[in-house]
Amino acid sequence: MFYGNGYYVVDDDSGDIIAGPLSEQSAEDFVDEHVNCHVVYLEKY
């Protein structure tokens, strides 16, 4: 599934997108508050 431009939070274990689209700051804040996830930036081609 594809959502469009923006920063997304991806669960490290499942690979699922668990938040987004967010601003870069919001995505980083989300990761700070949760474990086992990371930020990715997705854009349309």
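For the sequence shown, my numbering gives the first residue as 60, with consecutive numbering after it.
For every residue, glycine included, the Cβ atom is placed at its ideal position computed from N, Cα and C.
As the structure is a computational prediction, the values presented were derived from the model and not from experiment.
Discussion item. Do Val-99 and Val-69 have their beta-carbon atoms positioned less than 7 Å apart in this structure?
Written reply: Taking 7 Å as the Cβ cut-off, Val-69 and Val-99 qualify as a contacting pair.
Item to complete: If I'm right that Tyr-66 touches Gly-79 with Cβ under 8 Å, what's the distance once you round it to whole angstroms?
Response: The beta carbons of Tyr-66 and Gly-79 sit about 6 Å from each other, so the pair counts as a contact at 8 Å.
Discussion item. My output table needs one value for Asp-75: the three-state DSSP class, helix, strand or coil.
Written reply: DSSP places Asp-75 in the coil class of the three-state scheme, outside both helix and strand.
Worksheet item: First and last residue of the alpha helix (DSSP H) that includes Val-90?
Response: For Val-90, the enclosing alpha helix (DSSP H) covers residues 83 to 92.
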